[in-house]
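Here the sequence shown is numbered in the UniProt record's numbering, starting from 1 and rising by one per residue.
Scroll down for the structure; my scribbles are underneath it.
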Amino acid sequence: MTKHNNTTKPGGNGESIRTGMSEEAIRLAFLDNLFYVQGRFLEVASLDDKYKALAYTVRDRLLHRWVSTIRTYQQANPRTVCYLSAEYLPGPFMGLNLLNMGIEEPTRKALQSLGIDLESLIAYEQEPGLGNGGLGRLAACFMDSLATLQIPATSYGIRYEFGIFQQDIRNGEQVETTDNWLHYGNPWEVRRPQISYDVKIGGHTEHYTNEQGLHRVRWVPHETFRGVAIDTPILGHDVNTVNLMRLWRAEAAEALDFHAFNEGDYYGAVLREVRSETISKVLYPNDAPEIGKRLRLLQQHFFVTCSLQDMMRVHRTTGMPIERFHEKFTVQLNDTHPAIAVAELMRLLLDNHHLDWDTAWHVTRHTFAYTNHTLLPEALEKWPIPLFQSLLPRHLEIIYEINSRFLDEVRQRYPFDPDRAQRLSIIDETLPRHVRMAHLACIGSFAINGVAELHSQLLKETVLRDFYELWPEKFQNKTNGVTPRRFMLLSNPGLGSLLNETLGHGWETDLEQLRGLEAHADDPAFQERWRQVKRQRKEALAGEVHKLCGIDITPTSLYDVQVKRIHEYKRQHLNLLHIITLYNRIKRNPALDIVPRTFIFGGKSAPGYAMAKLIIRLINAVAEMVNRDRDVAGRLKVVFLPNFSVKLGQWVYPAADISQQISTAGKEASGTGNMKFSMNGALTIGTLDGANVEIREDVGAENFFLFGLDADAVSHTLANGYRPWDYYNANQELKDVIDLIASGFFAHGDRSLFQPLVDHLLQHDSYLLLADYADYIACQDQVSAAYRDPQRWTRMSILNVARIGKFSSDRTIAEYCRDIWKVQPVPVKLD
Ligand code: CJB
1 MTKHNNTTKP GGNGESIRTG MSEEAIRLAF LDNLFYVQGR FLEVASLDDK
51 YKALAYTVRD RLLHRWVSTI RTYQQANPRT VCYLSAEYLP GPFMGLNLLN
101 MGIEEPTRKA LQSLGIDLES LIAYEQEPGL GNGGLGRLAA CFMDSLATLQ
151 IPATSYGIRY EFGIFQQDIR NGEQVETTDN WLHYGNPWEV RRPQISYDVK
201 IGGHTEHYTN EQGLHRVRWV PHETFRGVAI DTPILGHDVN TVNLMRLWRA
251 EAAEALDFHA FNEGDYYGAV LREVRSETIS KVLYPNDAPE IGKRLRLLQQ
301 HFFVTCSLQD MMRVHRTTGM PIERFHEKFT VQLNDTHPAI AVAELMRLLL
351 DNHHLDWDTA WHVTRHTFAY TNHTLLPEAL EKWPIPLFQS LLPRHLEIIY
401 EINSRFLDEV RQRYPFDPDR AQRLSIIDET LPRHVRMAHL ACIGSFAING
451 VAELHSQLLK ETVLRDFYEL WPEKFQNKTN GVTPRRFMLL SNPGLGSLLN
501 ETLGHGWETD LEQLRGLEAH ADDPAFQERW RQVKRQRKEA LAGEVHKLCG
551 IDITPTSLYD VQVKRIHEYK RQHLNLLHII TLYNRIKRNP ALDIVPRTFI
601 FGGKSAPGYA MAKLIIRLIN AVAEMVNRDR DVAGRLKVVF LPNFSVKLGQ
651 WVYPAADISQ QISTAGKEAS GTGNMKFSMN GALTIGTLDG ANVEIREDVG
701 AENFFLFGLD ADAVSHTLAN GYRPWDYYNA NQELKDVIDL IASGFFAHGD
751 RSLFQPLVDH LLQHDSYLLL ADYADYIACQ DQVSAAYRDP QRWTRMSILN
801 VARIGKFSSD RTIAEYCRDI WKVQPVPVKL D
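As structure tokens, this is what we get:
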């Protein structure tokens, strides 16, 4: 719009339809792509044809910048970040690419002149669901910020053929169907068949002495596959930098096994090909791993070896010796999913490059840094030794050697503490023996970080305590952030315009500039405009809710929202206890004057997580009863949005009045939804957990609804014989709520359906819902009181946005660059 806008006419003075940025160039490019790529003319083009024609038009302009970026990097040979992540949730590309390139307006006009509505094409795009939740979305925010900050970076992962399942709700239950996102093709990706690597698995190793008398190891695999690169360009905001997301697709080593083919085993040959492709077939739909799945370990090894081999290929082109690999590349491990990289890099350096152990270990230890994303013990990956041995025999040898050298050091340092070596060991010796991936990651990395202050602190005190005592200098905190381009500018254009008008441009890439809003927080005219922006987004969401669920919601009601993966620790059921409390209050006193609320839920449960699925059922069951009860009509409404995604989130975050961040303190590593809501002027009701702590610090305690036990109180309560039953007996409203669920009221009289949930709450309540209930309800009452005072509420909302600057992923990435990666921006000029 502003700086790239080029009004020269195509043809006339040289503006190419492949690169031109004017309305006219875009219009011609669109028609050209429609004709020559899609083979269609306007009158017969389907929505898909038009979407693709526009996507190719945008992609041409991306490739232009990409080529310039590669040229620049080739000349400058800069230190480069490689982000290894098994998951990415980038969201739909079209809208963001137009926005980042600054051609939204000319594109809108170009299409308008052809009778096409840009929004309908943007809405048509299906997003790649190559992740489960927070961790994958964080990786996508990081890509956006890396490109925007002009940092040379490649994000490596797996190009799953089927991403996270589609969630349907049938009879109130989650039903999973496959996500066939590639069915109509993906115009944003570029296949690179010539960039492919061998991936070995299974078999055995052979140790031998070469002609020079040197010890060598040969891995004789049982099978070999290939990984082929599929690239997606990632453009920064208002810059020319295009970095790559390079995802690997598994293929058979040869298209068909000709040996088998010649022997007449056509069927077997084809089967082998199918089996190879299985590796990148489907994303594991768990947000915490189910331990011990062979295919999952294979996936991890698959993308890690392809990525490291790819870095080595690039490294060769620089002419630097392999001993300096770590000077060219810094590799971030996004949780333990890629932790096998520590052993794989050692293998490549020892067996392929024939470095000696100490040199190889020096390079490895200076290459990797590890981010931990969770304290939940069930999420710490461990692999059974027999499985590991059968798939990755050479890696297991290397891991044993790393471990033995490491434990020698530990014993020397703590000679009178044999338990410590056991606790620190990569191998968990309790039967059946396992490889602890977090330990491998800690030992092989030069930096270890958590994702919020509290989480990093708890890491040092609990799961990684022994490592912290050993190497305190390795530990850091990098509080998460999210990209304001997607989650403010793109999702909330009304807010974007108001901010531009009030503050001028610049805040989009320097979010601290939002502080300038503080001066307007009490200005009645500004407040009125603020409320209009929110109102408009609430109406838009109401339209979506109607489309998706057939439910009408009222934009004047308070939108009280909880969207995130469904998990007991996130306590969607605590939210339900509040809803049922309000319901009971109205039933007992039909004239009760309460603030009308619309409760909105969204999120997927792991398919095998029975309790989370039961929570979804209860949400829908409560919705059914509440929404059809005339006594509460106009005052309470409950909605479960099916198939929550990045795309749906873009409707939800800007429309929320209240953001529910109510996990049991100490369980949510950071949370990032909390930031997206707050950036859009929602107020948070939350516990002192994850990044909530820092959000509250920054926006001000008076602009945040805090409740519940803190992390210390949670551990003490659990350690001192917690009895949920006592809370149940002591609180009549709580008792009424639990009794109502137990009575079968929400299950057409069936007392058994929600029994497991009720029993768990009364007997164990591991996530302390009952202990936090009273405080939560009291806090929600304060929320209602505040909402009755629009001036106060609006002021709080404005101040939330004004003070949210820290939670831009630009800040997070700048810290990683400075403290961990030691990389500098490399600006790119357009060729
Ligand atoms: N997280 O999404 C996942 N998956 C995991 O396997 C482990 C953690 C989440 O990562 C986010 C990004 O750091 C955090 O904000 C969130 O608290 C955490 O649960």
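Backbone N, C-alpha and C define an ideal beta-carbon position, used for all residues, glycine too.
As the structure is a computational prediction, the values presented were derived from the model and not from experiment.
Are there any heavy atoms of the ligand CJB lying less than 8 Å away from the beta-carbon of residue i, as far as the coordinates show?
i, result
"Q374", "With the sequence shown as reference, residue 374 is identified as Thr, and Gln is not the correct amino acid for it. Result yes, Cβ under 8 Å from the ligand CJB."
"P90", "no"
"L133", "A small fix is needed here, since residue 133 is Gly in this sequence, not Leu. Yes, the Cβ of G133 comes within 8 Å of a heavy atom of the ligand CJB."
"S670", "yes"
"N480", "yes"
"A441", "no"
"G136", "yes"
"D287", "yes"
"G690", "yes"
"L486", "Per the sequence presented here, residue 486 reads as Arg, with Leu not at that position. For the ligand CJB, not one heavy atom lies less than 8 Å from the Cβ of R486."
"F545", "Contrary to the premise, residue 545 reads as Val rather than Phe in this sequence. Not so, every heavy atom of the ligand CJB lies at least 8 Å from the Cβ."
"D466", "no"
"R565", "yes"
"D631", "no"
"V693", "no"
"D144", "no"
Between the alpha carbons of residue i and residue j, how many angstroms are there, rounded?
i, j, result
"Q661", "L574", "11 Å"
"Y653", "L333", "29 Å"
"D49", "V801", "39 Å"
"T2", "G496", "With a pLDDT of only 37 at T2, under 50, the local geometry of the prediction cannot be trusted, and no value is derived from it."
"I695", "N674", "8 Å"
"Y284", "L592", "47 Å"
"K9", "E15", "Here K9 scores only 46 on pLDDT, less than 50, and its place in the model should not be relied on; the value that follows carries that caveat. About 6 Å."
"R811", "R218", "45 Å"
"T7", "T19", "Caution is warranted here: a pLDDT of 40 is assigned to T7, below 50, making its placement in the model unreliable, and the coordinate value is therefore given only provisionally. Each residue's alpha carbon lies about 12 Å from the other."
"P221", "T205", "8 Å"
"G543", "G163", "27 Å"
"Y816", "V331", "12 Å"
"D750", "P432", "42 Å"
"L63", "H183", "24 Å"
"H4", "R61", "Residue placement at H4 is poorly supported in this model, since its pLDDT is 40, which falls under 50; the coordinates still yield a value, given next. Near 12 Å, if we compare the C-alpha coordinates of R61 and H4."
"G450", "A691", "11 Å"
"E327", "D657", "48 Å"
Please name the residue, chosen from the options, that lies closest to residue i on a Cα-to-Cα basis.
i, options, result
"S557", "A269, V81, L297 and S784", "S784"
"G131", "A123, W507 and I158", "I158"
"F526", "N97, H237, G608 and E501", "E501"
"G95", "F165, I234 and S68", "I234"
"Q476", "Y767, S715, V595 and N372", "N372"
"A519", "S145, L799, V67 and N33", "L799"
"L135", "R529, P106, T336 and T430", "T336"
"V239", "T364, N100 and G115", "N100"
"F487", "R27, K460, K647 and G708", "K647"
"L396", "R436, F368 and E277", "R436"
"V737", "V714, L718 and L762", "L762"
"Y88", "L98, N77 and M245", "M245"
"L511", "R529, A747 and R485", "R485"
"Q112", "D198, Y773 and E23", "E23"
"S645", "R565, A774 and L734", "R565"
Determine the contact status of residue i and residue j, defining contact as a CB-CB distance below 9 Å.
i, j, result
"T154", "V81", "yes"
"R342", "Y160", "First, the amino acid is wrong: residue 342 is Val here, not Arg. Not closer than 9 Å, so no."
"L641", "G602", "yes"
"R795", "D522", "yes"
"residue 843", "G671", "Past the edges of the chain, shown from 1 to 831, lies residue 843, and the structure says nothing about it."
"K604", "D819", "no"
"I322", "Q299", "no"
"H760", "S752", "no"
"T118", "L54", "The question names Thr, but residue 118 is Leu in the sequence shown. Their beta carbons are under 9 Å apart, which means L118 touches L54 by this criterion."
"I579", "I586", "no"
"L297", "I340", "yes"
"I616", "I116", "no"
Could you give the uninterrupted runs of the beta strand (DSSP E) lying entirely in the stretch 516-563, keeping only those of 3 residues or more?
For the beta strand (DSSP E) assignment, the uninterrupted runs of no fewer than 3 residues enclosed by the stretch 516-563 are, from N- to C-terminal side, 558-563.
With a floor of 4 residues, list each alpha helix (DSSP H) that falls wholly inside the stretch 711-745, ordered by position along the chain.
Qualifying alpha helix (DSSP H) stretches, in chain order: 711-719, 724-730 and 732-742.
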